[in-house]
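Participant:
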Amino acid sequence: MRDKEKIVMVAGTFDIVHESHISMLRNARDLGDKLVVMLSTDDFNIEKGKKAYQDYNTRKFVLEAIRYVDLVVPEQTWEDKALYIDMLGVDIFAMGDDWRGRFDNLKLKFPDLKVMYFPRGVTSTTKIKEEIARDYQEENKEQE
Numbered sequence: 209m210r211d212k213e214k215i216v217m218v219a220g221t222f223d224i225v226h227e228s229h230i231s232m233l234r235n236a237r238d239l240g241d242k243l244v245v246m247l248s249t250d251d252f253n254i255e256k257g258k259k260a261y262q263d264y265n266t267r268k269f270v271l272e273a274i275r276y277v278d279l280v281v282p283e284q285t286w287e288d289k290a291l292y293i294d295m296l297g298v299d300i301f302a303m304g305d306d307w308r309g310r311f312d313n314l315k316l317k318f319p320d321l322k323v324m325y326f327p328r329g330v331t332s333t334t335k336i337k338e339e340i341a342r343d344y345q346e347e348n349k350e351q352e
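What the sequence shown shows, in the working numbering, is residues 209 to 352, in sequence order.
(1) In this structure, how does DSSP classify residue 292 when only helix, strand and coil are distinguished?
(2) Mapping DSSP to helix, strand and coil, what is residue 264?
(3) Look at residue 244 and residue 279 and say whether their C-beta atoms are less than 8 Å apart.
(4) Among 224, 214, 247, 241, which residue has its Cα nearest to the Cα of residue 303?
(5) When we look at the beta-carbon of residue 254 and count the other beta-carbons within 10 Å, is it buried (16 or more) or exposed?
(6) Measure the CB-CB distance between residue 264 and residue 281 and report whether it falls below 8 Å.
(7) In chain order, what residues of the same chain have a beta carbon less than 7 Å from the beta carbon of residue 270, not counting five sequence neighbours either side?
(8) Would DSSP call residue 224 helix, strand or coil?
(9) Residue 316 by DSSP, collapsed to three states: which one?
(10) My output table needs one value for residue 406: the three-state DSSP class, helix, strand or coil.
(11) Return the first residue and the last residue of the alpha helix (DSSP H) that residue 311 is part of.
(12) Exposed or buried, which one is residue 220 when buried takes at least 16 other CB atoms within 10 Å?
(13) Could you compute how far the alpha carbon of residue 318 sits from the alpha carbon of residue 262?
Below is the structure:
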């Protein structure tokens, strides 16, 4: 019998949640007993040069409704990853493979931490936004 629950943490913006997000969350949850999602705040997204379509509270509300997610915490700075890993006793930190290698340095501070990268899904929020913009432009051309 294990003494401690295995805690998995993922981080991201999770704007316009879609099937690739759900798949990643399910796969991450399957790695442990609890899944913590670090959700980028609106201000942190601006600092990263990103703008989410949905605000932080909406994205948090959606994530909290997903059965694989046990806890949603705000990510306000790059340093928050280490803060939450330490504070929550995270065992596994997982991200999409578009971030491959970017967080391996966490293992220097937390030698027992396992850092994993999941394959990117077929759907992405960027693709969804581009398709909506394209459809909108085509619709407006037809009306001219």
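The beta-carbon is built from N, C-alpha and C at its ideal position, and this holds for glycine as well.
None of the values given here were measured: they were computed from a predicted structure.
Facilitator: This is what the structure holds:
(1) Taking the first residue of the sequence shown as position 1, residue 292 is located at position 84. Residue state, collapsed to three classes: helix.
(2) Within the sequence shown, the letter at position 56 stands for residue 264. DSSP places residue 264 in helix when its eight states are reduced to three.
(3) Position 36 of the sequence shown, counting from 1, holds the residue named residue 244. Position 71 of the sequence shown, counting from 1, holds the residue named residue 279. In contact: residue 244 and residue 279 (Cβ atoms closer than 8 Å).
(4) In the sequence shown, counting from the first residue as 1, residue 303 sits at position 95. The residue with the shortest Cα to Cα distance from residue 303 is 247.
(5) The residue you call residue 254 lines up with position 46 of the sequence shown. Counting Cβ neighbours within 10 Å, residue 254 comes out exposed, since fewer than 16 surround it.
(6) The residue you call residue 264 lines up with position 56 of the sequence shown. The residue you call residue 281 lines up with position 73 of the sequence shown. Contact flag unset, no.
(7) Along the sequence shown, one-based indexing puts residue 270 at 62. These residues qualify, in order along the chain: 225.
(8) In the sequence shown, residue 224 corresponds to position 16, counting from 1. Of the three classes helix, strand and coil, the one that applies to residue 224 here is coil, per DSSP.
(9) As a working note, residue 316 is residue 108 in the sequence shown. Helix at residue 316.
(10) Lying before the first or after the last residue shown, residue 406 is absent from the chain, which here runs from 209 to 352.
(11) Looking up residue 311 in the sequence shown gives position 103. Residue 311 -> no alpha helix (DSSP H), and no H or E assigned at all.
(12) Reading the sequence shown from its first residue, position 12 is the one you call residue 220. Residue 220 should be labelled buried.
(13) Walking along the sequence shown from the start, residue 318 turns up at place 110. Walking along the sequence shown from the start, residue 262 turns up at place 54. Cα to Cα, the separation comes out at about 33 Å.
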